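In my numbering, the protein residues as written are -10 to 497.
Glycine included, C-beta positions come from ideal geometry on N, C-alpha and C.
Since we're looking at a predicted model, the values are computed, not measured.
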C-alpha cells in the first residue's frame, strides 16, 4: 500500500478560525495544502509561510519582533508584510497571505503578491563594484546588490572552482551523505547571468592599485572598480609535518575538499581527524555516519573548551564517545608515513583517511600588499570600510568595532560573513548603515545542535540554566557581571531572546 501524505497541520484558515482559538502570538495552520503560520503582532494579524527558506525551520516556533518573525533554528528573519528574508542565513522570501477579519473569525484564502522591497538608491551610485571572493560574504554582497536593484556592473572574482555553495553543509549533512550535492549551491547557475552578476571562477587577484582603482589578476587582466569589496576569506592551516601532501590527507574548506574526503571515505575502515575543533568534530560525526571508525587527535584537554567552557567541552566529548569516536587529547600527530599517523606521545594510528581541522588563517596578503590598515585582520570602521576610502572588507578577514563586546573583533563564522556582506553592499550604495548585528553561529553534532550568540573571548563566569548532559540548557558567558555570549542546546526561543536582548542593550 502506497504511503499517504500526512494532512496539513492545524485548522483550515480558508474556513476561518475564531479569535478565541488564536490566543498566542503564532498558530500553525493551513490553506489548502500550504502550511501557514498565523502571526499576531500588536493589533495586526499576518499570515506567512510556515517554514524558513534556509533549512525549513518551523517559523511557528520562532520569535515575533515587531513586524518580523525570526527562525528558531539559525536566526533568519522575515518581514511579516512582504515575506522578504531580511536576515541571513535565509536568502529567499516566504509566501504571505491576505488576512480577512469577519466578526470574531480570521480567514486566510489567497496569497498576496509580495511587494518589492524598499530600496534606498543613492542618486549618484558607483558605476562598477568589484567583489574579490566567492564565499559567504562575497556572495551575500552580490545578491544584496541585485536585491537593491543596483543598476551598475557587478564583477565577482572567485578563486574557487565552483559557484558559491552552502559551506556549513560541507562538514555536516553533505559530508555525512544525507544531503545531495544539488542542495549545496546558494543559487542555481543561471541566477548570476539573470542578476547581471559577472561571476568569474578560478580567478586569483594578485594586487590592488588603490590610486588607479583597479585590481590585477594572476592572468594579467586589469579590472577597474568604483567600489571594491575584499571578501577573501580564510584558508585551512596545513601542519608542517611529513606526509601532509599525500592524497588521503585532507583539509576541509571547499566543495572540492568535501568531495575528496567523501571519495576517500568510500570503503575506508578508519580515519584520523587532527584537531578537536568545530570543523574537526563535525567531520568526525559525518564520518561516523558513514560507519568509518574515527580517532580524534587534539592538543586541547577538552574539545572546544576555549569557546564553550569545560562543562560543555566534557559534554561534547561524551556525545562523540557515545557514537564511537576515540579521543587522543593532549597529543598531536608528528608525521604521516603512508597510512601510519605517528603521535607525539609515541603511539601510532593506522588510518585510511586523515582530515586536518586545526583552524584557518585569514587571507590578508592582498590587503597587506595594498597597504591597507591591518590589525590581526583587515581593520574596518563601523560601516566595514577599510583605511582606504571606497574599499570595504567583510567576512573572515574583517576586524570591526563590535558594539556588543565593546572590542574590535574578527569572527570566522558563516552567518556573520553573510550579514557583513549584505551590510557592505548597502554601504557601497551609500546607505551608511553601521554593522551592529550580534554574532551568531551554530554547530551540529549528530542530532544535537549547539547555538551560540554574542562573542566572548574571555569570561570570569559561566552561568548554566538547565542540564547540559540532558541536552536542555542555556549557558551565559559573563565578564564583570555582563553577559557577552550565550550558548544553548534545544533552547531555541531563549537563544533568540538572548540575541534580541543584546540588540536592545545598544539602545539603552
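Quiz item: Should residue 412 be labelled buried (16 or more other beta-carbon atoms within 10 Å of its own) or exposed?
Solution: Taking the first residue of the chain shown as 1, we reach residue 412 at position 423. Residue 412 sits buried, since 16 or more C-beta atoms from the chains shown fall within 10 Å of its C-beta.
Quiz prompt | Beta-carbon contacts of residue 253 that lie in its chain and below 6 Å, excluding the five residues immediately before and after | solution = By 1-based counting over the chain shown, the position of residue 253 is 264. Leaving aside the five residues that flank residue 253 on each side, the residues in its chain whose CB is nearer than 6 Å to its CB run, in chain order, 237, 342.
Quiz item: By a C-beta neighbour count over all protein chains shown, 10 Å radius and 16 as the cutoff for buried, is residue 158 buried or exposed?
Solution: The residue labelled residue 158 in the question sits at position 169 within the chain shown. Around the beta carbon of residue 158, 16 or more other beta carbons lie within 10 angstroms, which makes this residue buried.
Quiz item: By a C-beta neighbour count over all protein chains shown, 10 Å radius and 16 as the cutoff for buried, is residue -8 buried or exposed?
Solution: Working through the chain shown from its first residue, we reach residue -8 at position 3. Caution is warranted here: a pLDDT of 49 is assigned to residue -8, below 50, making its placement in the model unreliable, and no coordinate value can be reported.
Practice problem: Could you spell out the range, first to last residue, of the alpha helix (DSSP H) harbouring residue 412? | Solution: Walking along the chain shown from the start, residue 412 turns up at place 423. That run of the alpha helix (DSSP H) goes 403 to 417.
Practice problem: Ignore the nearest five residues each way along the sequence and tell me which others in residue -10's own chain have a CB closer than 6 Å to its CB. | Solution: As a first step, residue -10 must be located in the chain shown, where it is residue number 1. For residue -10, the predicted structure reports a pLDDT of 41, less than 50, and the residue's modelled location is therefore unreliable. The matter cannot be settled from this model.
Practice problem: With a cut-off of 8 Å on the beta carbons, I'd call residue 130 and residue 403 a contact; round off their distance for me. | Solution: Walking along the chain shown from the start, residue 130 turns up at place 141. Walking along the chain shown from the start, residue 403 turns up at place 414. Between the beta-carbon of residue 130 and that of residue 403 there is about 14 Å, and that puts the pair past the 8 Å contact cut.
Practice problem: May I ask whether a heavy atom of the ligand ADP can be found less than 6 Å away from the beta carbon of residue 419? | Solution: Ligands in the displayed structure: none, and consequently the ligand ADP is not present.
Practice problem: Give the range of the beta strand (DSSP E) segment to which residue 145 is assigned. | Solution: Residue mapping note: residue 145 aligns to position 156 of the chain shown, counting from 1. Following the DSSP letters along the chain, one finds residue 145 inside the beta strand (DSSP E) bounded by residues 142 to 146.
Self-check item: Nearest-angstrom Cα separation, counted from residue 3 out to residue 11
Solution: On the chain shown, position 22 is the one that residue 11 refers to. On the chain shown, position 14 is the one that residue 3 refers to. Going by the C-alpha atoms only, they are around 15 Å apart.
Quiz item: Do residue 76 and residue 84 come within 7 Å of each other at the CB atom, strictly closer than that value?
Solution: Against the chain shown, residue 84 aligns to sequence position 95. Against the chain shown, residue 76 aligns to sequence position 87. It is not a contact, given that the beta carbons lie outside the stated cut-off.
Exercise. Could you tell me whether the Cβ atoms of residue 29 and residue 50 are closer together than 7 Å?
Key: Here residue 29 refers to the residue found at position 40 when the chain shown is read from its first residue. Here residue 50 refers to the residue found at position 61 when the chain shown is read from its first residue. Contact: no.
Quiz item: Quick one: what's got a C-beta closer than 6 Å to residue 497's C-beta in the same chain, skipping five residues either side?
Solution: Counted from its first residue, the chain shown places residue 497 at position 508. Confidence at residue 497 is low in this model, with a pLDDT of 40, below 50, so the placement of that residue is unreliable and no value is reported for it.
Self-check item: Boundaries (first-last residue) of the beta strand (DSSP E) holding residue 35
Solution: One-based indexing of the chain shown puts residue 35 at position 46. Per DSSP, residue 35 belongs to the beta strand (DSSP E) from 33 to 38.
Quiz prompt | Top-ranked residue by Cα proximity to residue 507, from 468, 166, 463 | solution = Because the chain spans -10 through 497 in this model, residue 507 falls outside it and cannot be assessed.
Quiz item: So who's on the other strand from residue 443, going by DSSP bridges?
Solution: What you label residue 443 is simply residue 454 of the chain shown in a count that begins at 1. Per DSSP, 474.
Quiz item: Is residue 41 buried or exposed, if buried means 16 or more other CB atoms sit within 10 Å of its CB?
Solution: Translated into positions along the chain shown, residue 41 becomes position 52. Residue 41 comes out buried.
Exercise. Measure from the alpha carbon of residue 46 to the alpha carbon of each residue in 330, 492, 487, 482, then state which is nearest.
Key: In the chain shown, the residue the question calls residue 46 occupies position 57. Answer by Cα proximity: 482.
Quiz item: What is the DSSP secondary structure of residue 73, counted as helix, strand or coil?
Solution: Working through the chain shown from its first residue, we reach residue 73 at position 84. Here residue 73 sits in coil by DSSP.
Quiz prompt | Collapsed DSSP secondary structure at residue 425 in the structure displayed | solution = For the purposes of this step, residue 425 is identified with residue 436 of the chain shown, where counting begins at 1. Under the three-state reduction of DSSP, residue 425 is assigned to coil, being neither helix nor strand.
Quiz item: How about residue 225 and residue 405: do their beta carbons lie closer than 7 Å?
Solution: Indexing the chain shown from 1 puts residue 225 at position 236. Indexing the chain shown from 1 puts residue 405 at position 416. No, these two residues do not count as a Cβ contact at 7 Å.
Quiz item: Since residue 166 contacts residue 278 with CB under 8 Å, what's their CB separation in whole angstroms?
Solution: As a position in the chain shown, residue 166 is number 177, starting the count at 1. As a position in the chain shown, residue 278 is number 289, starting the count at 1. Indeed they touch by this definition, with Cβ atoms about 6 Å apart.
Quiz item: By how many angstroms is the C-alpha of residue 364 removed from the C-alpha of residue 218?
Solution: Sequence index remark: in the chain shown, residue 218 carries index 229 (1-based). Sequence index remark: in the chain shown, residue 364 carries index 375 (1-based). Their Cα atoms are separated by approximately 18 Å.
Quiz item: Would you call the CB atoms of residue 480 and residue 464 closer than 7 Å?
Solution: The residue you call residue 480 lines up with position 491 of the chain shown. The residue you call residue 464 lines up with position 475 of the chain shown. It is not a contact, given that the beta carbons lie outside the stated cut-off.
Exercise. Identify the continuous alpha helix (DSSP H) that holds residue 245 and give its terminal residues.
Key: For the purposes of this step, residue 245 is identified with residue 256 of the chain shown, where counting begins at 1. Its alpha helix (DSSP H) spans residues 244 to 254.
Quiz item: Would the beta-carbon of residue 487 fall within 7 Å of that of residue 442?
Solution: Counting from 1 along the chain shown, the entry for residue 487 is found at position 498. Counting from 1 along the chain shown, the entry for residue 442 is found at position 453. For residue 487 and residue 442, yes; Cβs fall inside 7 Å.
Practice problem: Please confirm whether residue 164 and residue 275 have their CB atoms less than 7 Å apart. | Solution: Along the chain shown, read from residue 1 onward, the residue named residue 164 stands at position 175. Along the chain shown, read from residue 1 onward, the residue named residue 275 stands at position 286. The answer is yes: Cβ separation under 7 Å.
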